[in-house]
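So that you can map any letter, position 52 of the sequence shown is 52 in this note's numbering, and since no number is skipped, the others follow by simple counting.
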Amino acid sequence: MAEEPVRVYLRGRIPPEQWNKLGTRLIPKLRSFAQDLSLDLGASFTIRSADLRNVEADLRQALRDLGMEGSVKVETNRN
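Below is the structure:
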C-alpha cells in the first residue's frame, strides 16, 4: 500500500532580525526533504506618500535584478 503525500504549510510572522537565518537554516532544511517546495512573499510597510514613486521604482528595479519581476507584484492601497 503506497503512502499518500502530505502537504505541510509554514505560516506566521518573522521578525526582520531572523530573516537571514531563514536563508541559512530553515530553507536548506526544507530543500533537503521537501518535494515541490515553494515560498511566497508577503511584506507590508508604511512610507510617506511623497516617497511612493521612488520606493516603487527601487522595488521594481530590485525585482528585475533578481529575475522576479513577473512573479512578485508591488501593490499599494492606491492601486
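Even for Gly, the Cβ is constructed at its ideal location relative to N, Cα and C. Note that the coordinates shown come from a computational prediction; the quantities given were computed from them, not determined experimentally.
Requested in this report: Please go through the stretch 26-72 and give each complete beta strand (DSSP E) segment of 3 or more residues, from N-terminal end onward.
Outcome: Complete beta strand (DSSP E) runs here, min 3: none at all.
**Report entry** Alpha-carbon spacing of V55 relative to S71, whole angstroms
**Finding:** Our two residues, V55 and S71, have alpha carbons roughly 18 angstroms apart in a direct line.
**Report entry** For R53 and P15, the rounded distance between their alpha carbons
**Finding:** Distance between the alpha carbons of P15 and R53: 26 angstroms.
Report task. Sort N77, R13, T76, P5 by Cα distance to D40 and report the nearest one. Result -> The shortest C-alpha separation from D40 is found at R13.
Query raised in the report: Going by Cα to Cα distance, which pick from V8, W19, A50, G23 is closest to A43?
Result: Closest option to A43, Cα to Cα, is W19.
Report task. Using three-state DSSP, classify T24 as helix, strand or coil. Result -> Annotated three-state conformation of T24 is helix, per DSSP.
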